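Enquirer:
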């Protein structure tokens, strides 16, 4: 009997496996959904009841014990919450969110609302969200798996240059899509278009601009009985020029230890700092260098040779001394501590001035904090407000590029989306409405948004996120560099910078030929 | 008389003996428990930190000189606004004053005990004064977490996934482990090494081929990629069960075999009862493995939020730690509650294991 | 082959079949795929299909020789393993003995609390640990300062301490190992202890002559799995060092190096070579363990 039993069972198991492989629901494991096998198939389900937990079967009905006896009905019918308003034959357009802003739980609600609104407004496309909150780099990994399986999303965004660099070559060229759709790209500022190109390929329609400026905490200035920083370029601060020297002095006065000594005092205790004067929030090595002006880390005539601009070196040394000698910028330990908001330093209320972009309106209490914004100081007789310009991109392997482009043209002009991402509309006439929306969120604070408009006139040229040879690796080096500066005491900066340049040079030389 | 004396002294000796034994037992219990408590306090510091964060308003984390335990800053309402109270050293002793407007070297304060004085200025640095805090548990973070996260759905999804997957794992792994432990099969050692080799590649190296496979099968967007492989055994659990079964004396199953039981009967009637502690361990092991699995469900279920397990469903909330530490910690704490209770109930099995095998150390 | 032997073989294979099927269905593919990729120049930015990659022979393997990060990253992983494996053996054993002790009051609660960290998802656990070990506000350093240590370690900012901090995190999540040892302790027949006590063995003697040998199968399991896990370890490092192995490469574990090649730099071919290095090194270590370690293990059921 045994041999027969063995053969029979083996056959049974093999059959079982084949059945499983074909996805029929008569498997030892229940088929969780009757979802269409093809991920790209239109979601043509008759809209079932939404998956309200109250209507769903109780978990007590969940089976235990024998796997073969497991019934299927414990699982809700497939409901794509964002496809409720879709037309019956609409083509699914997957919008992937997670490489930049937009995956915060509060944002996702608004994005879903946008997709619903859009889906109801037309019959061709059905926008479905794929949202990954980026932990470690899960969102990047998930996107990569989708690409490798030939199952990529159609639209990705918002995404900046840094996020796109990890998938260089995966993006669709927008120019032919725009031409085919009769979309006029010439109405955009050529500089802006240039800014939206990766290695010469236009990868998105300019959407939002994120100039940077100084966010300042008014309460902390009041406490120190110091006047607020200037809101206009050329304005004096306390009768003095708004330059690096006076900016540094101010930041030191706004840095206070537990006993109430500020960083200009000789009694100042650097091990017990309770308030910092300045922070360059969430940027990399290039961003830190750009405080002193835009630049490129290579020789423009020979991109394979790393040459670090002198003013970047100066900016890094200033930054390093500010952290470890003058103590008015928090080091990594302080910045990541509970008292300083675990890295979100301005939100803690213990930071006087933070240099960051308009998108930072995402991440602190706009109402409770008493805040306003100020212009950048003049450094080496020029003003630099580094600029971000995120966009939405289409994946090269998307199966519905033309339709995705249609959706894209609607996204880049949508007032609601500007609000979600805190991006100034690329189109000037939309800005008043944008700022009015921010004012509503910030009340009772009255923020001087003219500062943001003015800082847009002083972008970093070349941009701190500009193209680099071997971009993923080069960017990696600049990420590490910033962390290194904030984590490491007693660094010989000249030596460290020389090493950085050598590392960059090696990476640039590795770059594939153009 | 002498007899009596002897009797009494014998009695005392017996009593002394009994009490000495009781004292010794009591002493070892005390020592072991105290050591255990000490270790546990150190060990649970991170969880204490998490809970403290969850029960604090976020403002307490960033406030200066705030206590580490959850507390509420005592305030005084002056003209419709709340101001924090500080114990301020003055020439006439320590006074409890409301800090109306802080400055570096002096501050505007208000004395609730002497409202007639109005707001007045005192010299001295407010940062050196001690703020007044009262112990208080803030539930706000939990309320927000509960409102934002559909815990019912997520818990249910995770439970279903974990139960089915664990059932499949137990079923397949017990069979396979029994086979590896007890049967003479040609090339068994090689097979066992191959089995081990399947868990040696880093999971990140396997995710792309598996994702491609499951996409081609049309399984992405369903639970199948998370459930089906569980029915085909895995090296971690097979290896563990094999080790345990190999530790069970052979006489027991040989006796059953001699009685005419076939191997399956032997497995059910002899091996499984003997291996209950190990099976319990594997059950817990695998159950919580599925419970905490993060990246796989994330990738396979992308966009299907109604199918997310708790690990993925709370991911975005737990990791926004720098924006909303309290809410994030509260979410993590709620997500932890159910598995903790389940473990507490399940580990009683280890006590029962003692009864079944008659082992009492 | 005798009838009995072939009968035994058939039964054995039958019961093995779930795994054999699963091996060919799910477990073999990733290994074959990785080997295949290691001979290609597939760049993870397009669909994996013919035409999107070329076979490049042993080119990726040759890169191993010139890669300056091989040795340092191996060093990080080895250091972690050399500290982590012994800790992962001894501490769970002590915990298991503690919660198995009849002298412990409320041992159920102790079991639950020692296991609790294991139930916390690794992402949340790492974030919490990062908070607890923060040099300024972390509870550990606040306690150390309260004990009079004025300059406690800067843990995750200091390359000297960061690796060890992750060892602590790993120890924190050792509930599984504790449970496995606890199960092992439950399986030791009481008669053995009784007999030994009658023979006059004291507690320490009983521990080394009975408990350890009887536990040796599961100890062997814990060591083997400990080795495999240690050679794969890097996810918390990824969360703490922002994919870069910060501080200063001290958390650049070998598998993180692999991960960066694959998922940050899109060099799937070379990444596969690195994955295979992990595979080979781990298999060799496991093989050595089986070859030498197995002899130290006492199986009451005998070797089969």
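Chains as they are written, first to last, in my numbering: chain A, 943 to 1456; chain B, 126 to 486; chain C, 14 to 317. Just so you know, even glycine gets a beta-carbon here, dropped at the ideal spot from N, CA and C. Please read all numbers here as calculations on a predicted model, not as lab measurements.
Is there contact here, the segment 200-219 of chain B with the segment 234-249 of chain B, by at least three beta-carbon pairs under 8 Å?
Expert: yes
Enquirer: Assuming the contact rule is C-beta atoms closer than 8 Å, residue 1190/A and residue 1215/A should be a hit. Round their C-beta distance to whole Å, please.
Expert: About 16 Å; that fails the 8 Å criterion.
Enquirer: Rounded to whole angstroms, what is the Cα-Cα separation between residue 979/A and residue 1033/A?
Expert: Confidence is the limiting factor: at residue 979/A the pLDDT is only 35, short of 50, which leaves the residue's position unreliable and the question unanswerable from this model.
Enquirer: How about residue 1027/A and residue 1058/A: are their beta carbons less than 7 Å apart?
Expert: yes
Enquirer: Out of curiosity, what's the CA-to-CA distance linking residue 306/C and residue 375/B?
Expert: 22 Å
Enquirer: Taking C-alpha atoms, which residue in 1368/A, 1419/A, 1405/A, 1192/A lies nearest to residue 1146/A?
Expert: 1368/A
Enquirer: Given this structure, state the Cα-to-Cα distance separating residue 260/B from residue 1281/A, to the nearest angstrom.
Expert: 19 Å
Enquirer: Quick check on residue 949/A: buried or exposed, where buried means 16 or more other Cβ atoms within 10 Å of its Cβ?
Expert: For residue 949/A, the predicted model reports a pLDDT of 43, less than 50, meaning its position is unreliable and no value from the coordinates is stated.
Enquirer: With DSSP run on the structure shown, which of helix, strand or coil describes residue 975/A?
Expert: With a pLDDT of only 36 at residue 975/A, under the threshold of 50, the placement of this residue in the model should not be trusted; the figure read from the coordinates follows. Coil, per DSSP.
Enquirer: According to the neighbour-count rule (16 or more other Cβ atoms, all chains shown, within 10 Å of its Cβ), is residue 216/C buried or exposed?
Expert: Classification for residue 216/C: exposed.
Enquirer: Measure the alpha-carbon distance for residue 158/C versus residue 1361/A and round it to whole angstroms.
Expert: 46 Å
Enquirer: Look up residue 231/B in the DSSP assignment and give the residues it is bridged to.
Expert: 248/B
Enquirer: Quick check on residue 1079/A - is its C-beta less than 7 Å from some C-beta in chain C?
Expert: Residue 1079/A counts as touching chain C.
Enquirer: Report yes or no: is there a C-beta of chain B within less than 7 Å of the C-beta of residue 90/C?
Expert: Closer than 7 Å: no.
Enquirer: Give me, in chain order, the residues of the same chain whose beta-carbon lies closer than 6 Å to that of residue 455/B; leave out the 5 immediate sequence neighbours on both sides.
Expert: 179, 266, 267, 270
Enquirer: At the level of alpha carbons, what is the spacing between residue 39/C and residue 335/B?
Expert: Going from the Cα of residue 39/C to the Cα of residue 335/B covers about 8 Å.
Enquirer: Sorted by chain position, which residues of the same chain lie with C-beta nearer than 8 Å to residue 1223/A's C-beta, five sequence neighbours on each side aside?
Expert: 1286, 1287, 1288, 1296, 1297, 1298, 1302
Enquirer: Just how far apart, CA to CA, sit residue 1339/A and residue 386/B?
Expert: 60 Å
Enquirer: Looking at C-alpha atoms only, which residue of 415/B, 417/B, 370/B is the closest neighbour of residue 401/B?
Expert: 370/B
Enquirer: 7 Å is my cut-off, CB to CB: does residue 63/C come that close to chain B?
Expert: no
Enquirer: Tell me which same chain residues have a C-beta within less than 8 Å of the C-beta of residue 1159/A, skipping the five on either side of it?
Expert: 1288, 1291, 1293, 1294, 1295, 1311, 1312, 1313
Enquirer: Compare the C-beta of residue 334/B with all C-beta atoms of chain C and state if any pair is closer than 7 Å.
Expert: yes
Enquirer: Considering only the beta carbon of each residue, do residue 105/C and residue 251/C sit closer than 7 Å?
Expert: No, Cβ-Cβ distance for residue 105/C and residue 251/C is not below 7 Å.
Enquirer: So, residue 1123/A versus residue 1347/A, is the Cβ gap smaller than 7 Å?
Expert: yes
Enquirer: Check the Cβ-Cβ distances between residue 312/C and every residue of chain B, and say whether any is below 7 Å.
Expert: yes
Enquirer: Determine the contact status of residue 1213/A and residue 1205/A, defining contact as a CB-CB distance below 7 Å.
Expert: no
Enquirer: Can you give the beta carbon distance from residue 32/C to residue 363/B, rounded, assuming they're within the 8 Å contact cut?
Expert: 7 Å
Enquirer: Per DSSP, residue 199/C is paired with what?
Expert: Answer by DSSP bridge pairing: none, since residue 199/C is not bridged.
Enquirer: Buried or exposed: where does residue 35/C fall if 16 or more other Cβ atoms within 10 Å of its Cβ makes it buried?
Expert: buried
Enquirer: Could you say if the segment 177-189 of chain C and the segment 1236-1245 of chain A meet the contact criterion of at least three C-beta pairs nearer than 8 Å?
Expert: no
Enquirer: Give me, in chain order, the residues of the same chain whose beta-carbon lies closer than 7 Å to that of residue 1345/A; leave out the 5 immediate sequence neighbours on both sides.
Expert: 1033, 1035, 1066, 1067
Enquirer: Can you confirm whether residue 273/C, when its beta carbon is compared against all beta carbons of chain B, has any partner nearer than 7 Å?
Expert: no
Enquirer: Which residues in the same chain have their Cβ closer than 6 Å to the Cβ of residue 1060/A, if we skip the five residues on either side of it in sequence?
Expert: 1069
Enquirer: At what residues does the alpha helix (DSSP H) containing residue 1038/A begin and finish?
Expert: Taken as a continuous stretch (DSSP letters only), residue 1038/A belongs to no alpha helix (DSSP H), being part of the beta strand (DSSP E) at 1033-1039.
Enquirer: Would you mind stating whether residue 1156/A and residue 1392/A have Cβ atoms separated by less than 7 Å?
Expert: No.
Enquirer: Could you check whether the Cβ of residue 260/B sits closer than 7 Å to any Cβ belonging to chain C?
Expert: Cβ-Cβ to chain C under 7 Å: no for residue 260/B.
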